[in-house]
Structures are given as structure tokens and as C-alpha cells.
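In the numbering used here, the protein residues as written are 14 to 306. Backbone N, C-alpha and C define an ideal beta-carbon position, used for all residues, glycine too. Worksheet: the structure to be examined is printed underneath.
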Ligand code: GDP
Ligand code: ZN
């Protein structure tokens with residue numbers, strides 16, 4: 014009997030990393046039974062028995078977090094990677110990632126990569142202002158450059174954690190991971206473009222060992238729509254809105270048309286980032302429209 018972490022699931026075959034002897038076993042489909050209707054998934058801590066090459070999962074520990082797409086659990090942190098240029102910083106996507114992660118109770122760490130591409134003071138000031146805002150409302154922000162080897166802070170956060178790294182294609186996720194651990198040899202976009210084929214030939218979730226922690230590389234969360242969320246969930250996921258909402262006149266104010274709304278006041282006073290309020294309105298509209306279908 015051993016205690017392990019499921020690091021990979023391909024075609025019904027589970028890879029189990031033993032937490033004591035650090036060996037890896039494969040649990041074949043026939044060796045796995047459903048435990049009270051729950052299928053094991055990547056990120057699960059399990060008890061398992063080894064028998065003649067086969068492993069059988071006998072118990073799944075309680076999950077701290079649980080995602081459906083990607084199917085992964087017990088993630089505590091999500092590194093959301095953006096490039097400050099090429100592609101341009103996309104604040105709508107950034108707020109979208111944060112909203113979804115807040116809903117699933119996963120801590121977002123905002124990574125601003127390709128810092129080396131900012132050349133002028135005005136470019137730097139503009140991006141710094143935005144980063145400072147997110148820092149001010151409580152998020153951990155990290156500035157990185159794969160080109161200049163600026164990533165110690167990022168690799169420190171990966172230590173002893175199970176995390177995902179996510180973000181648009183081309184922002185530099187693979188480049189950053191490859192520098193932190195060259196043995197990972199993750200294909201970067203340059204190479205896959207040269208080979209004229211997609212970057213991920215197999216679409217599966219896998220936890221990669223990195224810096225005494227584990228990280229899964231995933232492009233996004235499902236369709237990046239707000240599945241299972243309503244407008245109240247959205248309003249709670251904008252953490253600085255939630256914090257100030259007790260000063261709104263109406264209980265349960267959604268900060269749209271209600272009079273004496275503290276949030277709208279703060280937007281007008283530039284205390285809340287305008288783009289963030291606009292994205293908020295868009296997201297609320299999206300979940301309302303979804304319900305009409
Ligand atoms: P991914 O799709 O997010 O995994 O992005 P890649 O790691 O494949 O990087 C996409 C492109 O951006 C590649 O051409 C990289 O060489 C380049 N790149 C990645 N990080 C940086 C960086 O910090 N600075 C600069 N200038 N280019 C970068
Ligand atoms: Zn309000």
C-alpha cells in the first residue's frame with residue numbers, strides 16, 4: 014500500500030507518483046474501480062496497492078479544489094501569463110481568468126512576461142500603472158522575461174506547490190518553464206511553427222515536476238465562459254468591488270443602474286480601473302444572456 018499523486022491520465026491509464034519512494038507506477042483501467050461514483054483525476058492524492066506491475070487505486074483523498082476543464086484537482090495556484098507586448102496585454106482576458114479562478118477558489122498569480130520588449134519610459138509607465146492596480150487590490154504580480162532570464166520570483170512560487178500555468182498561446186509559457194527546468198524540453202511555438210504542426214499533439218493534462226513542485230501547462234479553462242456562474246458570482250469575483258459593496262446603498266447592489274452605488278463612484282473617481290468596470294459589465298451581460306438560451 015502506498016500514497017501517491019496522480020500526475021497524468023492518458024487513455025484511461027493513470028500515472029501515480031509515489032510520495033514516499035518517489036517511484037512511478039501505471040494504474041491500468043481494469044485496475045481502477047470507481048470510488049463512490051468518483052473517478053480519480055490528475056492532481057488526486059490516492060492510496061494504492063501495487064500488484065505484479067499493476068497498481069490499483071483504493072482511496073482518493075478529499076480534494077481542496079476541483080476543476081472540470083482542464084480535469085485537474087488540488088491546484089492551489091494558477092500562474093496566468095501575459096506578455097506585455099507581442100501579443101499586447103489583453104486586460105479583458107486577464108479579468109476573465111481572474112474571475113474564473115476566484116470562483117474556483119484558486120489563487121491567481123499574474124505574470125507579465127516579455128518585459129524586455131518594453132523600450133520607452135512611457136510604455137513602461139503605462140504597463141506599470143496597470144500592474145500596480147492589480148497589486149493594490151491584492152494580487153501577486155510578477156514581472157518576467159524569458160529573454161533576459163528574469164524569472165527567479167516565478168520559480169520560487171512554483172516550489173512546493175501544485176499549480177497550473179495558463180495564458181494565451183505565444184505569451185511565453187513554454188519558454189519560461191524550459192528555463193526553470195531545461196529537462197522538461199517543452200516545445201515552444203518557434204519549433205512547432207517550423208515543424209508546421211500544432212504545439213500540443215496530445216491534448217491531455219499532465220503535472221510536470223518542477224522546482225520541488227508540480228505544474229500543469231494548460232491554455233485556458235474550457236471555453237473561458239462563465240459556466241455555472243451567475244451575476245452575483247461575477248460580482249463577488251471582482252474582489253475590490255466586493256470589498257466596497259457594503260458602502261453601496263442597496264443590499265446586493267450589482268453596480269449597474271442602482272442609485273448611490275459606491276463602485277460607480279469609485280470608477281468615476283478613477284479609484285477603480287475603468288477597463289475593469291467595463292469588463293465586469295460585459296461579463297454580467299454574458300451570464301445573463303447565457304441564461305436566456
Ligand atoms: P507559449 O505558447 O505561451 O508557450 O509561448 P512560447 O514559449 O512558445 O513563446 C512564444 C514566442 O515568444 C517564442 O518565439 C519565444 O521565443 C518568445 N518569447 C517567450 N518569452 C519571451 C520573452 O520574455 N521575451 C521575448 N522577447 N520573447 C519571448
Ligand atoms: Zn454598487
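For the options 64, 304, 19, 149, the alpha carbon positioned closest to that of residue 87 is the one of 19. With fewer than 16 other Cβ atoms inside 10 Å of its own Cβ, residue 101 counts as exposed.
Checking the 7 Å criterion, the Cβ of residue 253 is out of range of every heavy atom belonging to the ligand ZN. Under the three-state reduction of DSSP output, residue 154 falls in the strand class. Per the Cβ contact rule, the segment 148-168 is not in contact with the segment 54-66 (fewer than 3 Cβ pairs under 8 Å). A residue is listed when its beta-carbon falls short of 5 Å from at least one non-hydrogen atom of the ligand ZN; in chain order these are 261, 266, 268, 274, 276. A distance below 8 Å between beta-carbons, with the five flanking residues on each side excluded, links residue 183 to the following residues of its chain, in chain order: 96, 99, 100, 202. If you draw a 10 Å sphere on the C-beta of residue 81, you find fewer than 16 other C-beta atoms in it, and that means exposed. Within the same chain, Cβ atoms closer than 6 Å to the Cβ of residue 140 are found at 97, the five residues on either side in sequence being excluded. Distance between residue 246 and residue 284, taken at the CA atoms: about 22 Å.
Counted as a single uninterrupted DSSP element, the stretch harbouring residue 253 is not any beta strand (DSSP E) but the alpha helix (DSSP H) occupying residues 252-257.
Buried is the label assigned to residue 159, since at least 16 other Cβ atoms lie within 10 Å of its Cβ.
In terms of Cα proximity to residue 227, the closest of 134, 172, 121, 109 is 172.
The DSSP assignment places 134-149, 165-171 as complete runs of the alpha helix (DSSP H) inside the segment 116-187, in order along the chain (cut-off: 4 residues).
Residue 277 and residue 164 have their C-alpha atoms some 37 Å from each other. The beta-carbon separation of residue 14 and residue 74, rounded to 14 Å, does not stay under the 8 Å limit for a contact.
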